[in-house]
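Structure, rendered in structure tokens:
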């Protein structure tokens, strides 16, 4: 049984860093909890998207057989670029690196 719910979460400010690289503390502990929860949600989404790509690669390999080197190249390149990114390309990490 698959339970699907559509929930919208309000965007909250992410953790910020000081000049020496340490995390700033939030004045409100609820904001820190919300920021942590948002980070966890985004990471879980990124991991699941990566798993779906891996399943596509496996299905392509099975379908193409010996020609998988040529016919599955685009999917494999997407998968490899995804797993090489920190946190599997999670949005919160990408926003902090800019």
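In the working numbering, the protein residues as written are 15 to 112. Just so you know, even glycine gets a beta-carbon here, dropped at the ideal spot from N, CA and C.
With at least 16 other beta carbons inside 10 angstroms of its own, residue 53 counts as buried.
For residue 97, the closest alpha carbon among the candidates 62, 80, 78 and 73 is that of 62.
Close CB contacts of residue 71 within its chain, under the 8 Å cut and outside five residues either way in sequence, are with 86, 89, 90 and 93 (chain order). Straight-line spacing of the CA atoms in residue 47 and residue 64 works out to 26 Å.
Boundaries cannot be given for residue 39, as no alpha helix (DSSP H) includes it and DSSP labels it neither H nor E.
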